[in-house]
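Offset between the sequence shown (1-based) and the numbering used here: plus 73.
Cβ coordinates follow ideal geometry from the N, Cα and C atoms, glycine included.
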Amino acid sequence: MLRRTLLIGAASLACATASHAADATTEARLSAERWLALVDVGDYAASWQQAGALFKGAMDAERWTRSVSAVRGPLGALRQRKDKSADAQQTLPGLPDGQYAVLAYDSAFANKAAAVETVTLVKEPDGAWRVIGYFIR
74 MLRRTLLIGA ASLACATASH AADATTEARL SAERWLALVD VGDYAASWQQ AGALFKGAMD
134 AERWTRSVSA VRGPLGALRQ RKDKSADAQQ TLPGLPDGQY AVLAYDSAFA NKAAAVETVT
194 LVKEPDGAWR VIGYFIR
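So this is what it looks like as structure tokens:
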């Protein structure tokens with residue numbers, strides 16, 4: 074009987090952990106989508122303002138605007154974006170331990186039929202999920 078109770082307890086803990094990770098990535102995805110909407114319309118200054126402290130510490134608004142314009146501009150308008158993956162992480166290379174979400178999207182643009190956008194977010198001390206990384210390949 075004790076063994077069955079332990080197994081049920083372990084299964085419950087695993088489900089709770091998976092549920093917590095799913096909740097975290099859901100919250101992070103909503104934040105990422107709001108942030109991506111700014112990038113999609115070319116409001117790069119606002120996307121920098123909405124980004125996380127690690128992002129802002131790595132590059133100023135002017136450099137971000139130049140960089141993202143050079144990458145996104147030639148791609149043309151966004152045609153489609155679909156969820157590809159969402160991973161909750163506690164550690165990422167080169168970053169302090171924390172609550173992170175790494176989200177990937179299959180995307181299509183006017184001038185690039187297939188791309189993968191990766192957005193990395195961190196849950197900041199105020200509880201908000203904010204973007205700290207954005208890559209297109």
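Beta-carbon spacing of residue i, residue j below 9 Å
{"i": "W121", "j": "A134", "result": "yes"}
{"i": "A174", "j": "A97", "result": "yes"}
{"i": "T193", "j": "I205", "result": "yes"}
{"i": "M132", "j": "S142", "result": "no"}
Coarse secondary structure for residue i, derived from DSSP in three states
{"i": "V249", "result": "Nothing about residue 249 can be read from this structure; the chain reaches only from 74 to 210."}
{"i": "G130", "result": "helix"}
{"i": "Q163", "result": "coil"}
{"i": "A101", "result": "helix"}
{"i": "G146", "result": "helix"}
{"i": "A119", "result": "helix"}
Rounded separation between residue i and residue j - CA only
{"i": "L176", "j": "T191", "result": "6 Å"}
{"i": "L148", "j": "L127", "result": "26 Å"}
{"i": "Y117", "j": "G146", "result": "11 Å"}
{"i": "L168", "j": "D199", "result": "18 Å"}
{"i": "K185", "j": "W137", "result": "22 Å"}
{"i": "V144", "j": "R107", "result": "19 Å"}
{"i": "D156", "j": "A105", "result": "11 Å"}
{"i": "R203", "j": "E100", "result": "10 Å"}
Contact set for residue i: own chain, Cβ-Cβ below 7 Å, skip 5 residues either direction
{"i": "L151", "result": "D113, S180, F182"}
Integer Cβ distance of residue i from residue j, believed to fall under 8 Å
{"i": "G125", "j": "E197", "result": "6 Å"}
{"i": "A159", "j": "R102", "result": "6 Å"}
{"i": "V189", "j": "Y178", "result": "7 Å"}
Same chain only: Cβ atoms within 6 Å of residue i, ignoring 5 sequence neighbours per side
{"i": "Q172", "result": "K196"}
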